[in-house]
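Residue numbers for the sequence shown, in full-length UniProt numbering: 1 to 384.
Every residue, glycine too, gets a C-beta built ideally from N, C-alpha and C.
This structure is a prediction, so every number in the text was calculated from the model and none was measured.
Have a look at the structure below, then the notes.
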Amino acid sequence: MSADARPVPGLDFTAIDFETANGFRGSPCAVGAVRVRDGRMVQGRLWLMRPPAGFDRFDPRNQRIHGIAAEDVAEAPRFGPVFDELAAFLGDDVLAAHNAGFDVGVIESALEVSDRDVPALDYACTLTLARRAYNLASYALPSAAAEAGHTLVDHHDALADARACAAILIDVARRALHEGAGESAGGAAPGAVGLDVAAVLARHGIGLGHLSARERAGGEESRPTRQARGMAGLFDSRVPLRTTDAMRDFMRWPHEGTNPPANRAADVHHPLFGHTVVFTGGIGMSRQDAKNRAAEFGAQPASRVTGQTSMVVVGDGFRAEDLEAAAGPTGAAAGSTAAEASPALGHRKVREAIARRDRGQRIAFVAEPEFLQMLGANWPAQGL
Numbered sequence: 001m002s003a004d005a006r007p008v009p010g011l012d013f014t015a016i017d018f019e020t021a022n023g024f025r026g027s028p029c030a031v032g033a034v035r036v037r038d039g040r041m042v043q044g045r046l047w048l049m050r051p052p053a054g055f056d057r058f059d060p061r062n063q064r065i066h067g068i069a070a071e072d073v074a075e076a077p078r079f080g081p082v083f084d085e086l087a088a089f090l091g092d093d094v095l096a097a098h099n100a101g102f103d104v105g106v107i108e109s110a111l112e113v114s115d116r117d118v119p120a121l122d123y124a125c126t127l128t129l130a131r132r133a134y135n136l137a138s139y140a141l142p143s144a145a146a147e148a149g150h151t152l153v154d155h156h157d158a159l160a161d162a163r164a165c166a167a168i169l170i171d172v173a174r175r176a177l178h179e180g181a182g183e184s185a186g187g188a189a190p191g192a193v194g195l196d197v198a199a200v201l202a203r204h205g206i207g208l209g210h211l212s213a214r215e216r217a218g219g220e221e222s223r224p225t226r227q228a229r230g231m232a233g234l235f236d237s238r239v240p241l242r243t244t245d246a247m248r249d250f251m252r253w254p255h256e257g258t259n260p261p262a263n264r265a266a267d268v269h270h271p272l273f274g275h276t277v278v279f280t281g282g283i284g285m286s287r288q289d290a291k292n293r294a295a296e297f298g299a300q301p302a303s304r305v306t307g308q309t310s311m312v313v314v315g316d317g318f319r320a321e322d323l324e325a326a327a328g329p330t331g332a333a334a335g336s337t338a339a340e341a342s343p344a345l346g347h348r349k350v351r352e353a354i355a356r357r358d359r360g361q362r363i364a365f366v367a368e369p370e371f372l373q374m375l376g377a378n379w380p381a382q383g384l
């Protein structure tokens with residue numbers, strides 16, 4: 001049964017998916033959006049766009065993922081006018097995305113570098129939800145969508161990915177209604193009562209995320225935007241580069257740091273609690289800060305992948321679903337090097353973790369946006 005075959009009264013939201021031109025999250029080149037009413041997908045839209053001026057260089061690594069090149073969007077409008085249309089499509093809906101921290105971050109940073117106001121948004125992350133609701137070897141978008149009864153054929157087509165995201169949330173809600181009906185004294189039929197997005201998340205111990213409204217002159221910009229502005233010319237298509245290799249890894253960490261002990265008094269329901277976490281690549285804080293924050297939530301940081309490792313946090317702009325896809329059985333294609341098959345495989349720790357997963361060790365791959373989302377309200381809002 002497809003994920004939207006049965007209505008879910010009250011389940012209204014819009015699922016989105018962004019694709020970006022380069023390692024800066026504020027460089028959107030495509031967005032897909034799917035409107036859901038009463039648990040059914042009723043309308044979809046796809047927009048191609050030029051990224052904001054000054055941040056519109058297309059990195060070959062990103063092009064290999066989504067297949068969009070600069071010439072494909074040469075006649076398209078910039079992000080600003082496209083966002084006006086997207087905002088009208090969203091209306092007052094809760095936004096849903098698979099690894100929502102990334103997509104919400106795209107909106108935030110792209111608006112900042114476009115000198116536009118940032119609106120308030122409530123959002124749900126289907127990656128986090130899938131980790132709570134399903135028991136899978138991989139929580140990448142194709143795998144989670146398949147569990148929801150939806151086949152994702154054209155992964156990294158923004159509209160196809162948005163549909164897959166919607167299918168996951170619909171399926172989890174439908175299962176919740178079915179379980180609720182089975183538990184009710186009268187044995188009411190599934191769908192007899194409704195569930196909104198917040199209620200679906202709450203059943204799995206998750207709350208809605210929130211992006212706070214901010215005027216264009218309303219204070220400090222987000223951390224990724226500040227970092228990108230400090231890399232003069234790196235993301236600007238008007239500035240010549242000697243070689244595409246000059247598109248260096250985004251915020252690589254120079255030092256491993258120490259491994260603080262896990263806080264055993266932390267909330268046992270927190271997604272980091274009980275994990276042994278290894279970090280590789282760069283995100284918007286030092287390696288030591290990342291380890292300290294993880295330890296506060298009950299995770300044990302480590303410096304290398306071992307038999308105890310249960311989570312690998314990968315920076316450098318990679319998305320969780322790409323990391324999971326790289327870890328799949330076809331992650332390293334025949335006749336290619338690991339790095340060619342997936343840039344994420346250029347990280348030694350990622351390759352070691354994949355090898356251990358192949359031998360049966362349970363290791364989750366987490367990208368920067370999801371990790372920052374796990375830090376929640378304890379991480380400054382401008383850092384998300």
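Asked                                                                                                         : Found
For G32, the first and last residue of its enclosing beta strand (DSSP E)                                     : P28 to R37
Own chain residues within Cβ distance below 8 Å of H156, not counting five before or after                    : E19, I65, H66 and G67
E220 classed as buried or exposed, judged by whether at least 16 other C-beta atoms fall within 10 angstroms  : exposed
Length at least 4, wholly inside the region 111-176: the alpha helix (DSSP H) runs in chain order             : 126-133 and 141-147
Inter-residue spacing [alpha-carbon to alpha-carbon] between Q300 and A266                                    : 12 Å
Cα-Cα separation, E75 to D154                                                                                 : 24 Å
6 Å Cβ shell around Y123 - same chain, five flanking residues per side excluded                               : L95, A100, V104 and G209
C-beta neighbour in chain D for E75, strict 8 Å                                                               : Of the chains in the structure shown, none is chain D; there is only one protein chain.
Closest Cα partner of T258 within the set Y139, A87, G10 and A295                                             : A295
Cβ-based neighbour list, E368, same chain, cut-off 6 Å, excluding 5 preceding and 5 following                 : I283 and G315
Which residues DSSP lists as bridging M311, in chain order                                                    : V277 and A364
Any 3 or more C-beta pairs closer than 8 Å across the region 9-17 and the region 26-36                        : yes
Reduced DSSP secondary structure (H/G/I, E/B, other) of P240                                                  : coil
Close beta carbons around H347, own chain, < 7 Å, minus the five adjacent residues each side                  : T280, G281 and V314
Coil, strand or helix - V73 by DSSP                                                                           : helix
Cα-Cα separation, E183 to A146                                                                                : With a pLDDT of only 46 at E183, under 50, the local geometry of the prediction cannot be trusted, and the value read off the model is given with reservation. C-alpha separation (whole angstroms): 27 Å.
Contact set for R173: own chain, Cβ-Cβ below 7 Å, skip 5 residues either direction                            : For the sequence presented, residue 173 should be read as Ala rather than Arg. Cβ neighbours of A173 beyond the five flanking positions: V8, L11, G39, L195 and V200.
Closest residue to A167 among H178, A144 and L272 (Cα-Cα distance)                                            : A144
C-alpha distance - M49 paired with P81, whole-angstrom precision                                              : 9 Å
DSSP state of D12 mapped onto helix, strand, coil                                                             : coil
Cutoff 6 Å; reference P271; Cβ partners in own chain excluding five residues on either side                   : M374
Beta-carbon spacing of L127, Y139 below 8 Å                                                                   : yes
Local Cβ density within 10 Å of G307, reported as buried at 16 or more and exposed below that                 : exposed
Continuous beta strand (DSSP E) stretch holding L195: start and end                                           : Segment: none, L195 is in no beta strand (DSSP E) and carries neither H nor E.
Uninterrupted alpha helix (DSSP H) stretches inside the region 40-75 (no shorter than 4 residues)             : 60-66
One or two residues paired with H210 in a DSSP bridge                                                         : D122
Per DSSP, the bridge partner or partners of E19                                                               : A30
Span separating the alpha-carbon of A364 from that of S212                                                    : 30 Å
Opposing strand residues paired with A97 [DSSP bridges]                                                       : C125
For M285 and P119, the rounded distance between their alpha carbons                                           : 25 Å
Coarse secondary structure for P369, derived from DSSP in three states                                        : helix
Proximity below 8 Å, CB of R25 to CB of F89                                                                   : no
Limits of the unbroken beta strand (DSSP E) element including P81                                             : Taken as a continuous stretch (DSSP letters only), P81 belongs to no beta strand (DSSP E), being part of the alpha helix (DSSP H) at F79 to L90.
Residue closest to M311, alpha-carbon to alpha-carbon, out of E370, S237 and D289                             : E370
Pair within 8 Å by beta-carbon distance, residue 389 and R78                                                  : With the chain represented from 1 up to 384, any question about residue 389 goes unanswered, as that position is not in the structure.
Own chain partners of A176 with C-beta closer than 7 Å, once the 5 adjacent residues on each side are dropped : L195, V200 and R203
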